[in-house]
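**Q** This is the structure I want to talk about, given as structure tokens.
Residue numbers (this note's numbering): 3 to 143.
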């Protein structure tokens, strides 16, 4: 995740918490809100991300490890453009490995409606079958 795509201002975090849709599990809370046209970026261009990892998660080393894992997990997801997304880690995230955090992020993004569906991604669509229908009928008789 590039630095230009990060939320930095507290007003942006407050906007997501106030107006956004929030979903959660035992590891984290994910909040999302569409970007307004009034803001600095048009709605359809980019998605901006913010991470909130409090001192309750652990010491500085632990918090930074959780943030690195969350940033990597977010960059692996195919998020719809035009959203502000804030991920708040819960204390249980300190004991979770990358796989657990990544699967939790994917599940929450899908529930929040900001994850592009697998069917919309042309690389994941199955190819049409080249089976001859008459051959199938012969096998079934």
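Ideal Cβ positions, reconstructed from N, Cα and C, are used throughout, including at glycine.
Nothing here was measured: the structure is a model prediction, and the numbers come from that model.
(1) Would DSSP call residue 21 helix, strand or coil?
(2) Counting pairs of beta carbons, one from the stretch 49-61 and one from the stretch 76-90, are three or more of them closer than 8 Å?
(3) Let me check one thing: in DSSP terms, what residues is residue 81 bridge-paired to?
(4) How close, in whole Å, do the beta carbons of residue 117 and residue 80 come, if the pair is a contact with beta carbons under 8 Å?
(5) Relative to the C-alpha of residue 82, which candidate in 14, 115, 28 and 63 has its C-alpha closest?
(6) State the beta-bridge partners of residue 36 as determined by DSSP.
(7) Beta carbon of residue 90, beta carbon of residue 54: below 8 Å?
**A** Checking against the coordinates, here is how it stands:
(1) Helix.
(2) Touching, per the Cβ criterion.
(3) DSSP, once it has assigned bridges, lists 117 as partnering residue 81.
(4) Contact flag correct, Cβ pair sits at about 7 Å.
(5) With distances taken between CA atoms, residue 82 lies nearest to 115 out of 14, 115, 28 and 63.
(6) Note: residue 36 sits in a beta bridge opposite 85.
(7) Yes; because the gap between Cβ atoms is below 8 Å, this pair is in contact.
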